[in-house]
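Position one of the sequence shown corresponds to residue 212 (the numbering used here), numbered consecutively onward.
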Amino acid sequence: TGASLALFEAAGRKELEAECAMRYEESRKKGRQLVPGVSVLTHAYALPAKAILHTIVPKWNGRRSRECYEDLCKSYASALVLADEMGFESIAFPVLASGNNKFDANLAIDIATESLAQYQPKNSLSQAYIVTFGSHITQKMRDRGYEVEEVIEAVRKVTEFYSIV
Numbered sequence: 212t213g214a215s216l217a218l219f220e221a222a223g224r225k226e227l228e229a230e231c232a233m234r235y236e237e238s239r240k241k242g243r244q245l246v247p248g249v250s251v252l253t254h255a256y257a258l259p260a261k262a263i264l265h266t267i268v269p270k271w272n273g274r275r276s277r278e279c280y281e282d283l284c285k286s287y288a289s290a291l292v293l294a295d296e297m298g299f300e301s302i303a304f305p306v307l308a309s310g311n312n313k314f315d316a317n318l319a320i321d322i323a324t325e326s327l328a329q330y331q332p333k334n335s336l337s338q339a340y341i342v343t344f345g346s347h348i349t350q351k352m353r354d355r356g357y358e359v360e361e362v363i364e365a366v367r368k369v370t371e372f373y374s375i376v
């Protein structure tokens, strides 16, 4: 659902789902669990990108709020490290966990912006973007003083990009 659904639809659901299943099986055979803070790379298929980095995010659990916070930070960090190791120059994220995973939108935005600001690239990664789907998060980003560039893509949704570099 949400950003994930838009991503799969734009990339090509059938191909992307097949590769995700293959990556999951590879991880399972190697004894690696796909838990929050782990990122996996797939082809981008019909998207105008070099690859898609899938990162596992936690579901909000108020009783384990510190653990949830730390796990979401790890999710951003693992994707940033992987993108940097792959030699990518830029990366774009949705506001992870702010939808179905039930993180408070303000907390999810704080974690996203802090994670991207704190990352120190070792290779060519020089730009990071936050992508939102919907006016709720968009307005919260504007309220925080981020400049918003609205871009209409040739997919079923309007996507809005925020440069936070």
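Every residue, glycine too, gets a C-beta built ideally from N, C-alpha and C.
Item checked: Backbone secondary structure at Y287 - three-state DSSP -> helix
Item checked: According to DSSP, residues forming a beta bridge with T266 -> S250
Note to self: Considering only the alpha carbon of each residue, which of A290, A303, I263 and K241 lies closest to F219?
What the structure shows: I263
Check: Is the beta carbon of Q329 sitting closer than 8 Å to the one on E300?
Finding: no
Check: Does the segment 273-286 come close enough to the segment 228-239 that 3 or more CB-CB pairs lie under 8 Å?
Finding: no
Checklist line | Distance, S286 Cα to I267 Cα | finding: 6 Å
Next item on the list: Would you mind working out which of V249, S289, E361 and F314 sits nearest P332, comparing C-alpha positions?
Entry: S289
Next item on the list: Could you tell me the boundaries of the alpha helix (DSSP H) in which M352 lies?
Entry: S346 to D354
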